[in-house]
Amino acid sequence: MATAGKVIKCKAAVAWEAGKPLSMEEVEVAPPQAMEVRVKILFTSLCHTDVYFWEAKGQTPMFPRIFGHEAGGIVESVGEGVTELAPGDHVLPVFTGECKECPHCKSAESNMCDLLRINTDRGVMIGDGKSRFSIDGKPIYHFVGTSTFSEYTVMHVGCVAKINPEAPLDKVCVLSCGISTGLGASINVAKPPKGSTVAIFGLGAVGLAAAEGARIAGASRIIGIDLNASRFEEARKFGCTEFVNPKDHSKPVQEVLAEMTNGGVDRSVECTGNVNAMIQAFECVHDGWGVAVLVGVPHKDAEFKTHPMNFLGKVA
Ligand SMILES: NC(=O)c1ccc[n+]([C@@H]2O[C@H](COP(=O)([O-])OP(=O)(O)OC[C@H]3O[C@@H](n4cnc5c(N)ncnc54)[C@H](O)[C@@H]3O)[C@@H](O)[C@H]2O)c1
Ligand SMILES: [Zn+2]
Ligand SMILES: [Zn+2]
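Note that UniProt numbering numbers the sequence shown so that position 262 is 262, with each residue one more than the last.
1) First and last residue of the alpha helix (DSSP H) that includes Tyr52?
2) Among Asp248, His307, Gly264, which has the Cα closest to the Cα of Glu255?
3) Once the 5 residues before and after Arg267 are set aside, which same chain residues still bring their CB inside 6 angstroms of it?
4) What residues sit near ligand 5, counting only those whose C-beta is closer than 5 angstroms to one of its heavy atoms, in chain order?
5) Pick from Ser45, Tyr52, Leu92, Ile8: whose alpha carbon is nearest that of Gly19?
6) Please find out if some non-hydrogen atom of ligand 1 comes closer than 7 angstroms to the beta-carbon of Cys271.
7) For Gly127 and Ala34, I'd like the C-alpha separation in whole angstroms.
8) To the nearest angstrom, how far is the alpha carbon of Val91 from that of Val160?
9) Assuming Asp50 and His69 make a contact with CB atoms under 8 angstroms, what is their CB distance in whole Å?
10) Using the beta-carbon of each residue, find all residues closer than 5 angstroms to any heavy atom of ligand 3 and list them in chain order.
11) With H, G and I counted as helix, E and B as strand and the rest as coil, what does DSSP make of Val206?
12) Indicate, with yes or no, if ligand 1 has a heavy atom lying under 7 angstroms from the CB of Gly296.
13) Report the option in Leu203, Ser176, Tyr141, Pro246 whose CA atom is closest to the CA atom of Asn276.
14) On a CA-only basis, which of Val295, Asn310, Phe43 is nearest Asp287? Give me that one, please.
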């Protein structure tokens with residue numbers, strides 16, 4: 001590639017301040033260093049985690065910054081030591097990367113890589129502690145090692161997954177976060193037994209994927225819970241069989257669910273980021289065997305409160 005080894009000037013949506021509209025700017029993207037890859041981003045979508053860190057109401061502020069972590073692109077060039085990827089490869093960014101060597105990467109139970117696990121407070125590359133983005137020499141921070149709201153971005157090779165070039169990048173870009181998070185939370189963590197009842201709190205992209213995961217796993221009742229009733233119709237396509245809007249009930253949603261299910265659901269998956277929904281998701285599972293999986297990113301000052309007796313009978 002003619003651009004390999006050179007700085008690329010391209011457009012990026014830069015967040016200068018918390019909660020202020022992103023502005024399209026010309027940024028300079030430095031070449032990838034050792035174990036890094038520079039990717040031309042063709043499609044990117046928005047996840048609620050981008051919004052939280054852009055609002056920075058309850059999360060650590062770090063600006064100016066380029067957000068975005070759900071995307072699809074093509075490798076433009078690779079840095080020293082990168083052997084598994086080459087220019088032209090179709091790829092998806094992965095904010096929870098894999099070094100392939102640490103105990104987490106070697107474990108079938110975890111993907112919290114010691115080197116590349118998600119770190120929302122780091123705005124620079126791991127290799128040299130510097131940013132690859134700049135405007136007039138002033139560095140712009142990265143976000144979760146991906147920063148896909150830019151026509152070109154630089155990522156650690158462990159944060160880039162090669163995919164089949166026949167996969168349509170405009171569609172598979174949601175596999176970068178929303179779909180894999182929700183589907184994995186249901187299939188790999190909640191593991192609902194066939195015929196079981198599953199409650200899904202929050203029916204955004206993550207919740208829809210969690211419902212789909214429960215459906216694939218063979219759950220027979222999938223109860224979607226959302227404060228926004230306009231989400232229900234879409235959620236039916238992803239396997240939800242029943243719906244509860246907490247606003248329609250005067251009693252706590254845990255009690256509504258217990259009544260609907262003869263004592264509680266078998267599994268619950270929380271996909272809202274709201275701590276009250278997390279508590280409800282924990283308390284609505286059946287005693288003895290119920291399992292709650294919490295996926296949402298809570299406010300940094302949020303506190304999870306429940307009676308300790310609940311821990312005697314449930315798992316989270
Ligand atoms: N753990 C991870 O790796 C990971 C990955 C992706 C997203 N997330 C988090 O998952 C959550 C969902 O992400 P998303 O992009 O699908 O968000 P989204 O905003 O598209 O959807 C969230 C849904 O939850 C509903 N909701 C909010 N508060 C509620 C409450 N108290 N009770 C019931 N419903 C409620 C909203 O109406 C909305 O429909 C966010 O917190 C996001 O940051 C975590
Ligand atoms: Zn996300
Ligand atoms: Zn690792």
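Every residue, glycine too, gets a C-beta built ideally from N, C-alpha and C. Because the structure is a prediction, the values reported are computed rather than measured.
In brief:
1) Working through the sequence shown from its first residue, we reach residue 52 at position 52. From DSSP, the alpha helix (DSSP H) with Tyr52 extends over 48-55.
2) Translated into the one-based positions of the sequence shown, residue 255 becomes position 255. Cα-wise, what sits closest to Glu255 is Gly264.
3) Position 267 of the sequence shown, counting from 1, holds the residue named residue 267. Hits under 6 angstroms: Ala190, Pro192, Val198, Val291.
4) Judged by which ligands are present, ligand 5 is missing from the structure shown, whose ligands are ligand 1, ligand 2 and ligand 3.
5) What you label residue 19 is simply residue 19 of the sequence shown in a count that begins at 1. Here the closest residue by C-alpha is Tyr52.
6) Position 271 of the sequence shown, counted from the start, is the residue given in the question as residue 271. Yes, the beta carbon of Cys271 sits closer than 7 angstroms to at least one heavy atom of ligand 1.
7) The residue labelled residue 127 in the question sits at position 127 within the sequence shown. The residue labelled residue 34 in the question sits at position 34 within the sequence shown. C-alpha separation (whole angstroms): 7 angstroms.
8) Here residue 91 refers to the residue found at position 91 of the sequence shown. Here residue 160 refers to the residue found at position 160 of the sequence shown. If you take the alpha carbons of Val91 and Val160, they lie about 6 angstroms apart.
9) Taking the first residue of the sequence shown as 1, we reach residue 50 at position 50. Taking the first residue of the sequence shown as 1, we reach residue 69 at position 69. Confirmed, Cβ separation roughly 7 angstroms.
10) Cys99, Cys102, Cys105, Cys113
11) For the purposes of this step, residue 206 is taken as residue 206 along the sequence shown, with counting starting at 1. Note: Val206 maps to helix in three-state DSSP.
12) To locate residue 296, count along the sequence shown from 1; it is residue 296. Result yes, Cβ under 7 angstroms from ligand 1.
13) For the purposes of this step, residue 276 is taken as residue 276 along the sequence shown, with counting starting at 1. Checked all of Leu203, Ser176, Tyr141, Pro246; the closest Cα to Asn276 is Pro246.
14) Taking the sequence shown and counting its residues from 1, one reaches residue 287 at position 287. Answer by Cα proximity: Asn310.
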